[in-house]
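Going by my numbering, the first residue of the sequence shown is number 1061, and it counts up by one from there. The next block holds one structure in the form of structure tokens; read it before the comments.
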Amino acid sequence: MKDVMILTGAGQIGMAIARRMGTGMKIVIGDKKLENAQAVAGIMNEAGFDTVPVEMDLSSRESILNMIGEGQKHGEISMLVNAAGVSPSQAPVEAILKVDLYGTAALLEEVGKVIKKGGVGVTISSQSGWRMPALTAEEDELLATTPTEELLALPLLQPGNIRDTLHAYQMAKRCNEKRVMAEAVKWGRRGARINDIAPGIVVTPLALDEFNGLRGDFYKNMFAKCPAGRPGTADEIANVAELLMSSKGAFITGATILIDGGATASYYYGPLKPTV
Ligand SMILES: NC(=O)c1ccc[n+]([C@@H]2O[C@H](COP(=O)([O-])OP(=O)(O)OC[C@H]3O[C@@H](n4cnc5c(N)ncnc54)[C@H](O)[C@@H]3O)[C@@H](O)[C@H]2O)c1
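Shown next, in the form of structure tokens:
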């Protein structure tokens, strides 16, 4: 038996974090597209990691439970990396809310019930959530603490209150941050920690869909005018995950770390500030 890492989302960010943290572990790689999970599993196994690919859908609690069950066949789950998600250019509003908002909440809840003492997790939100104006304290609390199965029925998530796929994505990512805070309290009872990383533009297939989508010019302008002057790499996200998931991050839980090359700073107080 080995300690088990649950990795959801066999994308570039997920793989970078799994490679950084997963040495010596059994890594169960889940993705809605089994071929993505198989591809990442193949690359990692050829690099000395011990992985098993599974088909899983983050938007389904049953699928999440199946993946956890698969993991438990190999040992205790001591790490979670949630890097599955769909972007505003990839899916309609309902799918974004079901995968990014509901699915993340269900996954954090279910893994939080079984995580090994001293275990750690990270989930990936987005800088995008930081560009949405503040919600009320009541709305934040609803996103943080509403029972997962009731989340999608919240009035603030109904069609009339969600303008478009970008707004749905921002609400989902804001919810991720709030959920991580509420879950950190529960995970703490097991001696475990859970944190969130909010990346800026990181070159991955998901980001390439954005560059080639409706908001392509917006994104290219964003990384050209952010203080870093470039998009980030998945390995830079893994640098933050390593801090959060290693003993150096032992005092960090319930936190969201923004890593965006300064794009958010520029959006509020620099050349990326909207003119209207
Ligand atoms: N790349 C960026 O610029 C960027 C910026 C901010 C946040 N993010 C977030 O990072 C996370 C990882 O994205 P990435 O950039 O590595 O993308 P990616 O496209 O490399 O990987 C995402 C993976 O998630 C999988 N997936 C999609 N829906 C799923 C579902 N319902 N169940 C299981 N798997 C599913 C996809 O098949 C894909 O393999 C996402 O949550 C994304 O919103 C990315």
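Think of the CB as a built atom: it goes at the ideal place given N, C-alpha and C, for glycine as much as any other residue. Remember, it's a predicted structure, so these values are computed and weren't measured experimentally.
Please classify Ile1222: does DSSP put it in a helix, a strand, or coil? Looking up residue 1222 in the sequence shown gives position 162. If DSSP states are grouped into helix, strand and coil, Ile1222 belongs with coil.
Where do the N-terminal and C-terminal ends of the alpha helix (DSSP H) with Met1075 fall, by residue? As a first step, residue 1075 must be located in the sequence shown, where it is residue number 15. Residue range 1072-1081 is occupied by the alpha helix (DSSP H) that includes Met1075.
Between which residues of its own chain and Leu1125 is the CB-CB distance below 8 Å, once the five residues before and five after are set aside? Here residue 1125 corresponds to residue number 65 of the sequence shown, with the count starting at 1. If we look at Leu1125 and ignore the five residues flanking it on each side, its Cβ neighbours are Glu1170.
Return the first residue and the last residue of the alpha helix (DSSP H) that Gly1177 is part of. Translated into positions along the sequence shown, residue 1177 becomes position 117. Strictly speaking, residue 1177 in this sequence is Lys, with Gly absent from that position. Secondary structure note for Lys1177: it is in no alpha helix (DSSP H), with a DSSP letter that is neither H nor E.
Run of the beta strand (DSSP E) containing Gly1090, from where it starts to where it stops: Within the sequence shown, numbered from 1, the residue matching residue 1090 stands at position 30. Residues 1086-1091.
So, at 8 Å on beta carbons, what are the nonlocal neighbours of Leu1211 in its own chain, with the 5 sequence-adjacent residues on each side left out? Translated into positions along the sequence shown, residue 1211 becomes position 151. Cβ within range, chain order: Leu1161, Tyr1162, Ala1165, Leu1203, Leu1217, Cys1235.
Could you give the first and the last residue of the continuous alpha helix (DSSP H) run that contains Ile1137? In the sequence shown, residue 1137 corresponds to position 77, counting from 1. Per DSSP, Ile1137 is not a residue of any alpha helix (DSSP H); the beta strand (DSSP E) it occupies stretches across 1137-1142.
Look at the alpha carbon of Ile1257 and the alpha carbon of Leu1167, and state the distance between them as a whole number of angstroms. Taking the sequence shown and counting its residues from 1, one reaches residue 1257 at position 197. Taking the sequence shown and counting its residues from 1, one reaches residue 1167 at position 107. A direct Cα-to-Cα measurement between Ile1257 and Leu1167 gives close to 16 Å.
Report the rounded CA-to-CA distance for Ser1119 versus Asn1142, giving the unit in angstroms. The sequence position of residue 1119 within the sequence shown is 59, counting from 1. The sequence position of residue 1142 within the sequence shown is 82, counting from 1. Ser1119 and Asn1142: Cα-Cα distance of roughly 12 Å.
Out of curiosity, what's the CA-to-CA distance linking Ala1242 and Thr1205? As a position in the sequence shown, residue 1242 is number 182, starting the count at 1. As a position in the sequence shown, residue 1205 is number 145, starting the count at 1. For Ala1242 and Thr1205, the distance between alpha carbons rounds to 7 Å.
Residue range of the unbroken alpha helix (DSSP H) whose run includes Val1153: Numbered from 1 along the sequence shown, position 93 holds the residue referred to as residue 1153. Val1153 -> alpha helix (DSSP H) spans 1153-1156.
Boundaries of the beta strand (DSSP E) in which Pro1113 is found, first to last residue: Working through the sequence shown from its first residue, we reach residue 1113 at position 53. Here the beta strand (DSSP E) through Pro1113 covers 1110-1115.
Going by the beta-carbon positions, is the gap between Ala1213 and Leu1157 smaller than 8 Å? Counting from one through the sequence shown, the residue named residue 1213 turns up at place 153. Counting from one through the sequence shown, the residue named residue 1157 turns up at place 97. At least 8 Å separates the beta-carbon of Ala1213 from that of Leu1157.
Mind checking Glu1095: buried by the 16 CB within 10 Å criterion, or exposed? Your numbering for residue 1095 matches position 35 in the sequence shown. It is exposed - the Cβ of Glu1095 has fewer than 16 other Cβ atoms within 10 Å.
Report the residue ranges of all alpha helix (DSSP H) runs contained in full by the stretch 1233-1305; include only those spanning at least 4 residues, in chain order. As far as the stretch 1233-1305 is concerned, its whole alpha helix (DSSP H) runs of at least 4 residues are 1265-1271, 1276-1285, 1294-1305.
Beta-ladder partner(s) of Leu1318, from DSSP: What you label residue 1318 is simply residue 258 of the sequence shown in a count that begins at 1. Note: Leu1318 is bridge-paired with Ala1258 in the DSSP secondary-structure output.
Quick check: is the beta carbon of Gly1321 nearer than 8 Å to any beta carbon in chain D? Considering every chain present, this structure includes no chain D. It has just one protein chain.
Cutting at 6 Å between CB atoms, please list the residues of its own chain near Asp1295, excluding the five before and the five after it. On the sequence shown, position 235 is the one that residue 1295 refers to. Here Asp1295 has Ala1076 as same chain residues with Cβ atoms under 6 Å from its own Cβ, once five neighbours each way along the sequence are excluded.
Leaving out five residues before and five after Gly1289 in sequence, what residues of the same chain have Cβ atoms less than 6 Å from its Cβ? Position 229 of the sequence shown, counting from 1, holds the residue named residue 1289. Scanning its chain for C-beta atoms nearer than 6 Å, with the 5 sequence neighbours on each side dropped, one finds no residue around Gly1289.
If I follow the unbroken alpha helix (DSSP H) through Ile1100, where does it start and stop? In the sequence shown, the residue the question calls residue 1100 occupies position 40. Contrary to the premise, residue 1100 reads as Val rather than Ile in this sequence. According to the DSSP assignment, Val1100 belongs to the alpha helix (DSSP H) that extends over 1094-1106.
Which same chain residues, not among the five before or five after Val1064, have their C-beta less than 8 Å away from its C-beta? Taking the sequence shown and counting its residues from 1, one reaches residue 1064 at position 4. Closer than 8 Å at the Cβ level, and outside the excluded window around Val1064, lie Met1085, Lys1086, Ile1087, Val1088, Gly1131, Gln1132, His1134, Gly1135, Glu1136, Ile1137, Ser1138, Met1139.
Under the rule that 16 or more other beta-carbon atoms within 10 Å means buried, what is Leu1226, buried or exposed? Here residue 1226 is taken as the residue at index 166 of the sequence shown, counted from 1. When all chains shown are included, Leu1226 counts as buried.
For Trp1247, which option in Phe1278, Arg1223, Glu1122, Lys1173 has the closest C-alpha, if you only look at C-alpha atoms? Mapped onto the sequence shown, residue 1247 falls at position 187. Per the Cα distances, Lys1173.
Short Cβ contact (8 Å threshold) for Lys1093 with Asp1117: Reading the sequence shown from its first residue, position 33 is the one you call residue 1093. Reading the sequence shown from its first residue, position 57 is the one you call residue 1117. For Lys1093 and Asp1117, no; Cβs fall outside 8 Å.
Under the three-state DSSP convention, the category Leu1125 falls into: Mapped onto the sequence shown, residue 1125 falls at position 65. Residue state, collapsed to three classes: helix.
Please return the same chain residues whose Cβ sits closer than 6 Å to the Cβ of Asp1200, not counting the five positions on each side in sequence. Here the question's residue 1200 lines up with position 140 in the sequence shown. Around Asp1200: Lys1238.
Identify the residues that DSSP records as bridge partners of Val1182: which are they? The sequence position of residue 1182 within the sequence shown is 122, counting from 1. According to DSSP, which records beta bridges pairwise, Val1182 is partnered with Val1141, Asn1255.
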